[in-house]
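Residue numbers (this note's numbering), protein chains in the order written: chain V, 815 to 1202; chain L, 694 to 960; chain H, 7 to 435; chain F, 39 to 304. Each residue gets a CB set at the ideal place from its N, CA and C atoms; glycine is no exception. In this text the structure is predicted, and so the values were computed from the model without any measurement. Heads up: the structure comes next, in structure tokens.
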Amino acid sequence: MSRVSAQLSSLEIFRQWYEDSFTEFKLVSEWKDVNAGYALGYFPVYFPVEIPYSFNALPVALYGAEGRINLDIAIAHTQSFVCTICKSVFQLGAEDRLKAFDVLAFSNICDVARNLSGIMKRNLVDKEIVYLHFPIHNDTPLAIKYLVDEYKRLIDVLENVTGIKYDEERLRDSIKQFNEKRRLVKRLMKIRREKPWLIPFTEFYVVVKAGSVMPVEMFNKLVSKYLREVGSRRVRPADRLRILIKGNFCEQPPLMYMKTIEDAGAYIIEDESLIGQYWIGEVDLDGDPLVSLAKAYVENPSPLTVRFHPSIDKQEYIKREIRDKKIEGALFLSPKFCEPSLYDYVIYKKALDDIHFPYLHLEYEETTSSFEHLRTMVETFVESIMFD
Amino acid sequence: MARYYVAGIDAGSTYTKAALMDDENNLIGTAITMTGVRINQAADKVFEMVLSKTGVSRSDVKFVVGTGYGRFKITFGDTQVTEISCHAKGAHYLFPKTRTVLDMGGQDTKAIRVNEKGEVIDFVMNDKCAAGTGRFIEGAAKALGLELSQVGPISLTSKNPTKISSTCAVFAESEVLEQLAWGHSIEDILYGVHLSIANRTIGLLRRVGIVPEITFTGGVSLNDGMAKALEDLLKMKVNRSPLTMYCGAIGAALFANERLMIKQKVV
Amino acid sequence: MTTSSQAAGSKLDYKEFDQARRYQARLVREYYANMYNAIKNGAKVAYAYVMGNPIELLMVFDIVPVYPEVTSLQISYKGGAPELISAAEEFGYSTDCCGYVKMGIGALLKGGDTVIGKIPKPDILFLGYSGCQVYIHWWEQLKYLFKTPVVTVDVPYYRDFNGHVYNHDILYVTKQLEDVVIPKLEEISGKRFDEERLKEIVYYSREAWRYWREALQMGKLVPSPIDAYFEAIYYMSVITLIRGTPEAVEFYKFLVDELRRRYEAGVGPTEREDFRIVFEGVPNYPFFKRFWGLFKRWNARAVASTYPKVAGLVDVGAFRLNPDKPIESLAEYMIHAYCNWNMIYRLRLLERYVEEYKADGVVIHSIKSCRSFSMGHGDLREYFVKERDIPALLIDSDHVDPRYYAEAQLRNRIDAFFEELSIRKGVEV
Amino acid sequence: MVYTVGIDVGTRNTKIAILDNGYELVYTGFRKTGYDFNKAAKEIYMDALNATGLREGDIDYIVATGFGRYRVDFRDINVTDITSAARGANLLYPGTRSVLDIGAGNTRVSRIDERGKVVKFASTEKCAAGGGGFLEKIAYYTGFRIDEIGKVAVKSANPVEISTVCSVLAESEVINLITQDVPMEDILMGAHLSIVGRVITTLRRVGLEPELTLTGGLVLNPAIVKALKAKLGVDVNASNELYYAGAIGAARLGYIRLVKKGLVRS
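Below you can see the structure in the form of structure tokens.
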């Protein structure tokens, strides 16, 4: 693989992994062969990827199939009011496209994803399926201890599957790598915040999505290269609206959807599409790494729709974001039928109403194939803010 | 010469159909009319039509079974049976090796598994969301200014069907117009529409299990594009005939004979 | 079939055997009267959920629990849902949000005025989360809308496919109750925790659960004297609202006795018992009686169902309250609410019902509002039909939102299902 | 004299308006769109020139709006139909603060300021969509022409309740009502009320403020106007000209552009 990589630009390699990450997972299988390794596929939003990686298991986010496969088997199993990412991940399993994965992981992000764990178990009887319960009582120390126990349960599963014994040092190394990855992603985000014209959103997205599937060292190396490339770009800034997007943290809008938004006259300064890839931030390298990972989840000060934290104020948070990042308008994108996204919308919207800040709420599905309505809505939004 | 006759009347949302049978389950004739707003009148009319077509007098018809959404409105009927049971029986009558029935009509899509006797062993229907029903095709036809009957034949000439994933009937027109604006040809869009509806329909069929032979009934079974899309995706033949749209009425007539037999036994 | 011919008595006869429903209605009225009284006298109001909640603990502190799920279902039973749902949707909640949430919030947005009376505002939100992720979002909405404090108990999902309850789960819930919840409730109520009182309340709870279980298990009799879905939904209100009291125990004793009398007299909730079904899913409250009627006209009785056990999976011995270890046994109880079970275990439970209660088929009612209940219904249906050759019907509407109830459509599906069952069973209809 | 043209290329019909000096309505017209948007726009433009005797050289600015706005190759600029309808409503009814445009599928609602600028807007949720298209189906099932149903509906004294959210399922409900021999006018009024019921949620979400102006294809349907009044308790501006609100508003925005660029003095 490294021979091929040498001839390709970093962006082309990201594209390859990006393309692979929907339905194929061929590069995942290749990686397993070359490294005598394993793979763990996890349903969004957040997963402690450091743990499987320390077992030589490649952690891969299953963000749905973006309308690239028919969903007929999934339609046979789920009602029409079930979101599309659940359908497409199920379909991937039913079509045996997840065979590269030795373990599939789910967690308590919503009722649909939660029940999906059992449905997958029924249909993929031999697959190792693990369900992690992330605590919601995050303002007591009990939550940290509990999450460490959950992580130990995950470790039991991984020890069984891989035959490798848990090793604290290896986990610490893994955390180091992923800390670096998150730092690099945040650097990309900073560029988008300061000079959004340098990296179109769609390109940024491809890079980070590739990072949700490729081995972390490879990603880190390539991003460093890519950052140098970006630095030398000469692009004329356009007069566009700086917007913040919330709600698209799990099911992903098709790339064309996001492109349509930028084309309609906006720069997406911040969004939640791949938030699980960087949300946890910097994990402490001192002390018991499991405790550090658990703490990073429980004590994380930035809100995540699928984590209830009794003492975090989402409304203050969004107002601060708008101020600090010089946001001019907010878009709320809810995947069709996604209740967590729809509830958080009301919380945020209320905060924005209070400060008379413009926002717009739209629905999408990963299979959306028409964009004219979206274009009209976003254009109107831009027109209503930019022109008098 | 038959000793007596029975009839089945299927009052659907758009068409009302009738089937007339003799006492030995031989199909004597069929008739069809628009349902319109007065179902009892339509049922009466279609019954008269089949009688005059076959020359059978009303008094020789000993039992009438009503089916379809308007079955409770058929005032001269002796009893009612749901169209699910009727379609199963009718499909089995026309194609005795039928094990799976797909009925696409104006209001619902049904997938039915039947046993070797034509009895329902399992069935499912589309749930509350109307996405993926034949209604989407109507909207597409409207957007393109075509008659419903033109849609199937045109779609058959497609070489490179357009991918259409949203099949909410409410947005059929704008979906199709947008694809047109992207420069896709009419035949490619139309076949794309049929494929995407077929895809959802197969999801429904999978719930009961796809066991050959499959018989395609109901109004949409007349659409060649839909049949081709189903066959392409299923990779198997589906049974159709000019009579499949009368399946409900035929099944109802068969039930009429059955009921009559039981009644005679009791007497 | 001798019992069914006896059953063909007049309607008036059956009334004598249908006293528990009236008894239940009286207890519910008294519950509300007591609630309003207590609030008038300064008691604190806690909003709480039905599933897996340790209301026994709230009772120790004389905190009055109000169940927005219960008030919502009562409001929609009386036709008051649309205005509350509209109020919430106009405020910004989507059509895809849970109807209970929209009604609860809609009621508060309208100052508490509803068709069943004034719904009190909460002083605290008791988040005894079990089985439903939307619960968390619901209280979070109220927290932002009304600045109400949340008391959290995190109850992990019963997620092991081999039937283990992890020790750290029970420990986690127990520790939360002991270390966090009790001190918080002491602070809010200004009362000291009284363990003896808790033991006494848990004792009455256990007794109520015991007789409720006995009543539910009478569905095993042929013919069944109880409709373990439509009737049980009335009876379950007592275990939900006032367990932990001697009144609840008395009620369930009465119910068991009434059911026994029904069986002996050969009467039951339908004229005959032609079909025995297992019912899965949440009912439709705005059209409750009409919905029931669609089954009654086929003389179908639900012999077992899951919904009446949302407050606790009592009948399969999943938990036992223990007055000697009140907190730990409450923690175990909290984990075993029906929707907190993973799909594999829910499937096994239904399978057990079909066998033990000798059912002819399974009816599954899905609702868009509650994905916690409904996601996976397709697989449940498929399992029975394809792997067990047991007829199963999947239908859908909503529990409170009348906009999702289409009777003609439902009747078509239900009729066809019973036509199919008639052929199988050789029942002459 | 400054002539600005607005062309609103909708999915069904293409509409045109010519304004003189940015406020005086010189001409309006419409024709079927078909599926060549540019052709439809060109043809209606020629119709308008022929009818008014204006020559191409007399036209100072052309603004395209609507679904096919990007396809109009002779446009100066394009704006969305929400922006243009708001300006049109403002020009025709200066007191307008809320604009309601019930389309075939989507319904759009906006709140505007005293100059006609959109302050806040939203469209109906996907599952609650379906306005004009729904009425066409209902007309078909009840056996009336689309331009008749509103007139029949307003005669109803006891409209039925059709509560379904999804308009496709509402059609099924109407069919069922027909089988139950419910009087036609009651069914039809029920159908109109059901559309309005869905729309009101969206109206309240953007914060309904009077005056409310109805634009688009249903301005001449008396039942929609009656249903809106009944459910909202406010008057509704509805007139023939509002059918052209998008085109008129587009022409108006063309004039504003010319003023901004200093090409004309306001």
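A residue is called buried when at least 16 other Cβ atoms come within 10 angstroms of its Cβ; residue 301 of chain F does not meet this threshold and is exposed. Within chain F, the residues 49, 143 have their CB atoms less than 7 angstroms from the CB of residue 867 of chain L, given in chain order. According to the DSSP secondary-structure assignment, residue 773 of chain L is paired through a beta bridge with L/759. Here residue 102 of chain F carries a strand assignment [DSSP, helix/strand/coil]. Pairwise C-beta distances place the region 955-965 of chain V in contact with the region 1098-1115 of chain V, as three or more of them are shorter than 8 angstroms. A buried status is given to residue 238 of chain F, since no fewer than 16 other beta-carbon atoms sit within 10 Å of its beta-carbon. When 9 angstroms is used as the limit between beta carbons, residue 900 of chain L is near these residues of chain H: 384, 387, 388, 391, 400, in chain order. Residue pairing for residue 282 of chain H: DSSP places it in a beta bridge opposite H/307. Its chain contains 52, 71 as the residues whose beta carbon lies nearer than 6 angstroms to that of residue 64 of chain H, once the 5 sequence neighbours on both sides are disregarded; these appear in chain order. In chain order, 377, 381 make up the part of chain H whose C-beta sits under 8 angstroms from the C-beta of residue 896 of chain V. Between the region 252-270 of chain H and the region 375-389 of chain H, the count of C-beta pairs closer than 8 angstroms stays below three; the two stretches do not touch. According to DSSP, residue 295 of chain H shares a beta bridge with no other residue. Taking 9 angstroms as the cut-off between beta carbons, the residues of the region 100-116 of chain F near chain L are 105, 106, 108, 109, in sequence order.
Apart from sequence neighbours up to five positions away, no residue of its chain approaches residue 294 of chain F with a beta-carbon distance below 6 angstroms. Chain F has no Cβ within less than 9 angstroms of the Cβ of residue 1180 of chain V.
Residue 150 of chain F places its beta carbon 9 angstroms or farther from that of residue 177 of chain F. A contact is defined here as three or more CB-CB pairs under 8 angstroms, and the region 784-801 of chain L meets this definition with respect to the region 925-942 of chain L. Against chain F, a Cβ distance below 7 angstroms from residue 779 of chain L picks out nothing, because the smallest value is about 18 angstroms.
Using a 10 angstroms sphere on the CB of residue 268 of chain F, the tally of other CB atoms stays under 16, which defines it as exposed. The C-alpha of residue 333 of chain H lies about 54 angstroms from the C-alpha of residue 1036 of chain V.
Contacts with chain F at 9 angstroms (Cβ-Cβ) do not include residue 85 of chain H.
When DSSP states are grouped into helix, strand and coil, residue 212 of chain H belongs to the helix group. Three or more beta-carbon pairs separated by less than 8 angstroms link the region 125-137 of chain H to the region 150-170 of chain H, which places the two stretches in contact. In this structure, the alpha-carbon of residue 48 of chain F lies about 5 angstroms from that of residue 105 of chain F. Contact between the region 1119-1136 of chain V and the region 1094-1102 of chain V is absent: fewer than 3 CB-CB pairs across the two stretches fall below 8 angstroms. Interface residue (Cβ-Cβ distance to chain H less than 9 angstroms): residue 1152 of chain V is classified as such.
Using a 10 angstroms sphere on the CB of residue 850 of chain L, the tally of other CB atoms stays under 16, which defines it as exposed.
Within the region 195-206 of chain F, contact with chain H at the beta-carbon level (separation under 8 angstroms) is assigned to 201, 202, 203. Counting along the chain, no beta strand (DSSP E) covers residue 1028 of chain V, and no H or E run does either. Against chain V, the beta carbon of residue 233 of chain F has no neighbour under 7 angstroms; the closest one sits roughly 19 angstroms away. In this chain, residue 75 of chain H is not harboured by any beta strand (DSSP E); it is covered by the alpha helix (DSSP H) spanning 74-83. Distances from the alpha-carbon of residue 907 of chain L to those of L/715, L/820, L/951, L/784 put L/784 closest. Between residue 345 of chain H and residue 57 of chain H, the gap from beta carbon to beta carbon is short of 9 angstroms. Setting aside the 5 residues that flank it on each side, residue 211 of chain H is surrounded in the same chain by 62, 249, 250, 327, each with a C-beta closer than 7 angstroms to its C-beta; the list follows chain order.
Less than 9 angstroms separates the beta-carbon of residue 45 of chain F from that of residue 103 of chain F. CA-CA distance, residue 1073 of chain V to residue 1062 of chain V, rounds to 15 angstroms.
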